[in-house]
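Read through the structure below, which is laid out as structure tokens, and then see the notes.
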Amino acid sequence: MVNMPVLKRKPKRKISAARRRMYIRRRIVVCVGLLAVLVFCIFCIISIFKGISAIGTAINKHSDVTLSKQLVPDPRPVGVIKKCNSKDVRIELSSSSQAIPMGGSVEFNAHIVYEGDDSCRIDASSGRMVLTVGQSASDSSQAAGDSSGAKGDKSNKSNKQNKSNQSNKSKDKSAQAAVPQWQSDMCVIPLKPLLMAKGDSYDKKFTWNANATIGTPSGENCANDSDLPKVSRGTYIAQIEHKDVAGLQSNPVVISVR
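Numbering of the sequence shown is given in numbering that gives the first Met the number 0, commencing with residue 0 and proceeding in unit increments.
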């Protein structure tokens, strides 16, 4: 009977818990490092493909330069922009006071509001957008009525009634009819071009020192404001009218000089 050799198993080494944790940490660090390297490689591959695609797109665009230039329209010159008409722009006139003493002054504000659809240009200088201050026609007609009444027959009741009716009618139309006394365009004034578009507005100030420009020289020889004659007491109507835009007027503003 043959005795078989008995193989002795090597005893397993017992690994302490601390060393086991150390091995686990090393494996985790190695796995994280491999994952970072893999992500970096994927990023590089994607970047290379994107770069190749961008180069191809640039080459294609370069070959179509002539065609793209023909499709792009030229910008409009400034002269092509249309002039504003009375439907595009509205002017609102207001005053700082409704009554001033003789020799006093009042400030007017012209509020220009755009109401059109397409942009347009307008000159907002006081030489083109003219403020006119005139004496109310009711005052002049009343003065004429008083002087003629003193010379006429006071006993004629029908004539007196007709005069009173005419006076009332002239008062109703005083906002539309006035004898010009002062205008803002007497001197040479530089242009003030404005490009108006939807939502735009502009404010312009005028100052009237209760004086008159009628009968005085205009242009380069215009008189200084301090040298102009003062107006008399009465009711005056201020209104703006644009020389270049037909039908463009502001609302009338009544001023009383006391």
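The beta carbon of each residue, even a glycine, is placed where N, CA and C say it ideally should be.
Mark residue i as exposed unless 16 or more other C-beta atoms lie within 10 angstroms of its C-beta, in which case mark it buried.
i, result
"Met185", "buried"
"Ala209", "buried"
"Tyr113", "buried"
"Ser249", "buried"
"Cys43", "exposed"
Please tell me whether residue i and residue j are closer than 7 Å, where the distance is taken between their beta carbons.
i, j, result
"Met101", "Ile239", "no"
"Lys191", "Ala109", "no"
"Leu194", "Ser85", "no"
"Val252", "Leu92", "yes"
"Tyr235", "Gln134", "yes"
"Val105", "Ile254", "yes"
"Ile99", "Val230", "no"
"Ala211", "Gln180", "yes"
"Ala237", "Val132", "yes"
Short of 7 Å in beta carbon distance, which residues of its chain neighbour residue i, apart from the five on each side in sequence? Order them along the chain.
i, result
"Tyr201", "Ile111, Ala123 and Leu193"
"Gly126", "Asp184 and Ile188"
"Leu227", "Asn210, Ala211, Thr212 and Thr215"
Three-state secondary structure (DSSP) at residue i?
i, result
"Ile45", "helix"
"Leu190", "coil"
"Cys83", "coil"
"Gly267", "What is shown of the chain runs 0 to 257, which leaves residue 267 out entirely."
"Leu37", "helix"
"Met101", "coil"
Kindly list the residues whose CB is nearer than 8 Å to the CB of residue i, restricted to its own chain and excluding five residues on each side of it in sequence; keep chain order.
i, result
"Arg24", "none"
"Lys82", "Cys119, Arg120, Ile121, Asp243 and Val244"
For residue i and residue j, I'd like the C-alpha separation in whole angstroms.
i, j, result
"Asp87", "Phe107", "22 Å"
"Leu267", "Ile51", "The requested residue 267 does not occur in the structure, where the chain is confined to residues 0 to 257."
"Arg20", "Ile54", "51 Å"
"Leu130", "Pro216", "17 Å"
"Ser15", "Val28", "20 Å"
Going by beta carbon distance, what residues of the same chain come within less than 6 Å of residue i, once the five residues before and after it are set aside?
i, result
"Glu219", "Val187"
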